[in-house]
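Below is one structure, written out as structure tokens, with a few remarks after it.
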Amino acid sequence: MKRTPLIILNGFLGAGKTTLLKNLLTQAHKRRMAVSVIVNDMSELDVDGVLIANTEIVDAASNNFVSISADSISSRSGIQKLDSALKNLLEKRSPDFILLETSGSSHPLPLVRYLREHPQVSLKAFLSLVDTVMLNDDYDGGKKLIPVFQEHLNRGTRGVESLLAEQIMFCNKLLLTKNDRLPFYVVTEVARAIHPLNPQVAIMAVPWGNLQLDELLSMPDYDF
Numbered sequence: 001m002k003r004t005p006l007i008i009l010n011g012f013l014g015a016g017k018t019t020l021l022k023n024l025l026t027q028a029h030k031r032r033m034a035v036s037v038i039v040n041d042m043s044e045l046d047v048d049g050v051l052i053a054n055t056e057i058v059d060a061a062s063n064n065f066v067s068i069s070a071d072s073i074s075s076r077s078g079i080q081k082l083d084s085a086l087k088n089l090l091e092k093r094s095p096d097f098i099l100l101e102t103s104g105s106s107h108p109l110p111l112v113r114y115l116r117e118h119p120q121v122s123l124k125a126f127l128s129l130v131d132t133v134m135l136n137d138d139y140d141g142g143k144k145l146i147p148v149f150q151e152h153l154n155r156g157t158r159g160v161e162s163l164l165a166e167q168i169m170f171c172n173k174l175l176l177t178k179n180d181r182l183p184f185y186v187v188t189e190v191a192r193a194i195h196p197l198n199p200q201v202a203i204m205a206v207p208w209g210n211l212q213l214d215e216l217l218s219m220p221d222y223d224f
């Protein structure tokens, strides 16, 4: 049975996930491709879900949009909700691909483990979006991220750096956002500083969600 490609958009709050998602939806709509969307928002207000539903490209009434709010999609209960969402979407439609926008606090590994075993979807791309300005300002051009992450590992503790590092480590395409706010050489230095976390990954600077859908769909399936 042919499995439906699924693309994950992962990253901290404000990294640009929703902007990219809307851009990819617009591209799919222009090409008359059938796309289904799952959005996870930790907030009970479900702000991102409302923004995507308002694009009029996908909505719950058309059976191609599901919002999972007030829960982390990588938690045990979140995985159960994701499983139910995928089941409902695939029963009612046959999308060309599925886009999954995670909440900023989502952990990559539980999602990867679940999706790799799913009988109906194939994990095509795990995109991690990272705010270049934040890395430059808060982590000395990205150079302090790995040492702080290693310090947490040595102490057996977890910090925001642990999650950020994991999001970089588990992606198969790393997107540096807000790069238009910094000089090119700074963006290059940030990319160089964090690349050791995932030496095999391709790093792209993506201002304003400017990424071609074809580039994602032509990627080999996720295989980490």
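Numbering (the UniProt record's numbering), first residue to last: 1 to 224.
We treat Cβ as the ideally placed atom computed from N, Cα and C, and that holds for glycine.
Since the structure is predicted, the reported quantities are computational estimates derived from the model, not experimental observations.
Please return the same chain residues whose Cβ sits closer than 7 angstroms to the Cβ of S179, not counting the five positions on each side in sequence.
On the sequence shown, residue 179 is found 179 positions in, with the first residue counted as 1. The residue asked about is misnamed: residue 179 is Asn in this sequence, not Ser. Excluding residues within five positions, the ones whose Cβ falls inside 7 angstroms are T132, V187, A205 and P207.
Please state the DSSP three-state secondary structure of E101.
Translated into positions along the sequence shown, residue 101 becomes position 101. Note: E101 maps to strand in three-state DSSP.
Excluding the five sequence neighbours on either side, which residues of its own chain have a C-beta within less than 8 angstroms of the C-beta of I98, listed in chain order?
As a working note, residue 98 is residue 98 in the sequence shown. Once the five neighbours on either side are set aside, the close Cβ partners of I98 are T4, P5, L6, I7, V35, S36, V37, I38, L86, L89 and V121.
Within the same chain, show all residues whose beta-carbon is closer than 7 angstroms to that of K143, passing over the 5 residues directly before and after it, in chain order.
For the purposes of this step, residue 143 is taken as residue 143 along the sequence shown, with counting starting at 1. The residues are A193.
C-alpha distance - K81 paired with L111, whole-angstrom precision:
To locate residue 81, count along the sequence shown from 1; it is residue 81. To locate residue 111, count along the sequence shown from 1; it is residue 111. In a straight line, the C-alpha of K81 is about 12 angstroms away from that of L111.
Please confirm whether G14 and S128 have their CB atoms less than 9 angstroms apart.
As a first step, residue 14 must be located in the sequence shown, where it is residue number 14. As a first step, residue 128 must be located in the sequence shown, where it is residue number 128. No, these two residues do not count as a Cβ contact at 9 angstroms.
Between which two residues does the alpha helix (DSSP H) carrying S84 extend?
Counted from its first residue, the sequence shown places residue 84 at position 84. Where S84 is concerned, the enclosing alpha helix (DSSP H) stretches over R76 to K92.
CB L174 to CB I203, shorter than 9 angstroms?
For this step, residue 174 is matched to residue 174 along the sequence shown. For this step, residue 203 is matched to residue 203 along the sequence shown. Yes, these two residues count as a Cβ contact at 9 angstroms.
Taking the alpha-carbon of N136 as reference, which of L176, C171 and R155 has the nearest alpha-carbon?
The residue given as residue 136 occupies position 136 in the sequence shown. It is L176.
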